[in-house]
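What follows is a single structure, written as structure tokens, with notes after it.
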Amino acid sequence: MEVKIVELNYDFVREILLTCAASTHPMGPSEDEIRKLADDYEVSLDQLAYTVTCLFQAGLVVNKVAYTLSGPYLVSPGNLTWDGNEYLNNIRNTSVWEETKDKVKKSGLSVSLQVLGAVATAVVKNKLGLN
């Protein structure tokens, strides 16, 4: 059996958070909306489930993935948490997002969601003249 290494696609993470924030449904975006987003990003169901699980574990979304013995069953992040809204506010602006990704890319490092958020916060503070 081949083991697949699944990595977070941070552009996809941002799109999930934006989709959750834009949802007018009280339970957040539907699973169909999230799966269509995954299709648009050419993300497999396993990678989608991994991404939503990471967002849940990071405290950014309220729902976690439900599994059956055959794999992911229900993949819907639900709404953003307070922390999820704050995180998204720091990466919502496209120029801030691009500068954040550029700084990480130039470092040559692989970073966590937490570090990515810290970089975005630093970019926002710099743009506001707070550094």
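Using the working numbering, you'd call the opening residue of the sequence shown number 159 and step up by one each time. We put the CB at the ideal spot given by N, CA and C, even for glycine.
For Thr-182, the secondary structure class from DSSP, reduced to helix, strand or coil, is coil.
In the DSSP assignment, Val-171 is bridged to no other residue. Around the C-beta of Val-282, 16 or more other C-beta atoms lie within 10 Å, and the residue is accordingly described as buried.
Fewer than three Cβ pairs drawn from the region 181 to 191 and the region 200 to 218 lie within less than 8 Å of each other, which leaves the two stretches out of contact.
Leu-274 and Phe-214 have their C-alpha atoms roughly 16 Å apart. Beta-bridge annotation (DSSP): Gly-229 is paired with Thr-226. Counting along the chain, the unbroken alpha helix (DSSP H) around Ala-278 starts and ends at 271 to 285. Under the DSSP assignment, Tyr-245 falls in the alpha helix (DSSP H) whose first and last residues are 240 to 249.
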